[in-house]
């Protein structure tokens, strides 16, 4: 092994490296500072939202009205600022224009007493409840952050426990809006177990939003009423930064026109 001189005058590469740690380029530092600043602002907005929700629940408890309706839903723009995407959970938020179109299209399928279940589709739920809310709307979601949005309407949902959901949803959901978090056959198989149990057996409608890359698998799995057969709708999803091409399918007669007449 070669000997590295300990003399201060040593010109060895090791000596220079140890005494002068590498530095990030100025443009890289600027990007890092911007990212950290953005995350800090996002965390503050979420904490503020959580505090407001907690204060409201505490106030209702004091008045004896814990079961009262949830507060007005925030806008999609506010939601996108307050909730960061968690890529480990495969979270990618819809653009605001698309989320609003989806909300209008889903609302066109409803009457005031309809039950609508948004499964793994938080942006759609926020847009729907912000523009024209229904008492019967629910969000089934794994990420517990969303509880602060509407404590009475957000239900914890775990794909690995597809049979676990509130009993009052069994066979009563008129419209299920589903956005599978992962592009895997196993993910859809588990979702189907839940959807079959909660959709109304005769009037239930499924709106499925996912990548066209697994379309053959989708048609094979979603093949029988009330979860199939799938029909490609007129509503073109926009999930922002994702490169995959996405589409929206429906399961009812005439689903091809779903979203056709929706304008910005």
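In our numbering, the protein residues as written are 9 to 272.
All C-beta atoms, glycine included, are put in the ideal place defined by N, C-alpha and C.
By Cβ distance, which residues of its chain are closer than 6 Å to residue i, with the 5 residues on each side in sequence left out?
i, result
"residue 83", "138"
"residue 246", "103, 106"
"residue 133", "126, 147"
"residue 195", "188"
Among all the DSSP beta bridges, which residues are the ones paired with residue i?
i, result
"residue 185", "126, 215"
"residue 258", "215, 239"
"residue 147", "126, 162"
Counting only the same chain and skipping the five closest in sequence on each side, list residues whose C-beta sits under 8 Å from that of residue i.
i, result
"residue 201", "170, 171"
"residue 2", "Outside the modelled stretch of the chain, which goes from 9 to 272, sits residue 2, for which no answer is possible."
"residue 265", "241, 242"
For residue i, count neighbouring C-beta atoms within 10 Å of its own C-beta (all shown protein chains included) and say buried if the count is 16 or more, exposed if not.
i, result
"residue 174", "exposed"
"residue 131", "buried"
"residue 166", "exposed"
"residue 210", "exposed"
"residue 234", "buried"
"residue 112", "buried"
"residue 161", "buried"
"residue 178", "exposed"
To which residues of the same chain is residue i closer than 7 Å at the C-beta, ignoring the five residues directly before and after it?
i, result
"residue 152", "164"
"residue 70", "At residue 70 the pLDDT is 49, less than 50, meaning the model places this residue with poor confidence and gives no usable figure here."
"residue 238", "216, 226, 227, 230, 257, 259"
For residue i, which of the options has the nearest alpha-carbon?
i, options, result
"residue 270", "244, 180, 203", "244"
"residue 185", "268, 199, 143", "199"
"residue 351", "89, 110, 150", "Since the displayed the chain opens at 9 and closes at 272, residue 351 lies outside it and no answer follows."
"residue 263", "124, 213, 226", "213"
"residue 261", "268, 248, 236", "236"
"residue 154", "238, 88, 225", "88"
Under 8 Å: do the segment 111 to 121 and the segment 86 to 93 share three or more Cβ pairs, one atom per stretch?
Contact between the segment 111 to 121 and the segment 86 to 93 is absent, because fewer than three Cβ pairs lie under 8 Å.
Any contact between the segment 253 to 261 and the segment 213 to 229? By contact I mean 3 or more CB pairs, one from each, below 8 Å.
Here the segment 253 to 261 makes contact with the segment 213 to 229; the two share three or more CB pairs at distances below 8 Å.
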